[in-house]
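Quick notes on the structure that follows.
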Amino acid sequence: MSSLSINTVLDWLVAACVPLALTLGGGLAVWKGLSDPIEAGPQVQNVPFFEFSSPDISPYQTIARVSSGLSGKEPFRGMTPEPVQKETEEVIDLQEVRLGMIAMTDGVRLCLTNGRLMLAGQQDARFTIGTITEQGVWYVTGKEQFFLTVGDKVSVGRDGTVHRLPQKTAADENDV
């Protein structure tokens, strides 16, 4: 058996030193990563997410009552058709008021009405926000006062008259 010289061993160590160090360091890092507990760190608060529907773009609806006064003639064949008789048009001018959400924090009370965050006392074209409570919101018009809970809606006329739509109950929906 032959013996190795010190120079040969040192040359071998110099050539194998970098891969050996990387292997040992990587193994140590993997073992340390698997054995140490992970700390969760500070808790991050999420940004609140609000979802609400946007109101109809056209608040004006026109009801036209047109009688069918056309005779059986074609209007484009050179003959003049009988004129169509129109009755007077009735314009219904209503604004929908919908309560979407109530938010209370540090003494500030807000409500989401028709897609807008509003404070008590703030005015819109046809109503004023009265009192905001945990149960709902009081609204005031030129003629009357009404109360809405979250999800409720009414229609307000130009003169301040409140028009409530009939609410469907579960029994009504089962009958259909």
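Just so you know, we're using this note's numbering here: the sequence shown kicks off at 59 and counts up by one. Backbone N, C-alpha and C define an ideal beta-carbon position, used for all residues, glycine too.
(request) List the endpoints of the continuous beta strand (DSSP E) containing K242. (result) Any question about residue 242 goes unanswered here, given that the chain covers just 59 to 234.
(request) Compute the Euclidean distance between the alpha carbons of C75 and S61, then round it to the nearest angstrom. (result) Straight-line Cα distance between these residues: approximately 22 Å.
(message) Within 9 Å of any Cβ in chain C, is that where the Cβ of I96 sits?
(response) Of the chains in the structure shown, none is chain C; there is only one protein chain.
(request) Within the same chain, show all residues whose beta-carbon is closer than 8 Å to that of L157, passing over the 5 residues directly before and after it, in chain order. (result) C169, L170, T171, G194, V195, L206, T207, V208, G209, D210, K211
(request) Compare the C-alpha of T199 against each of I187, D151, P77 and name the closest. (result) I187
(request) Would you list, in sequence order, the uninterrupted alpha helix (DSSP H) runs of no fewer than 4 residues that lie entirely inside the region 64-96? (result) 64-93
(request) Determine the direct distance from the alpha carbon of I96 to that of P77, and round the result to whole angstroms. (result) When only Cα atoms are considered, P77 and I96 end up about 30 Å apart.
(message) So, under 8 Å CB-CB, L152 and V214 are touching, yes? Tell me the CB distance rounded to an integer number of Å.
(response) 7 Å
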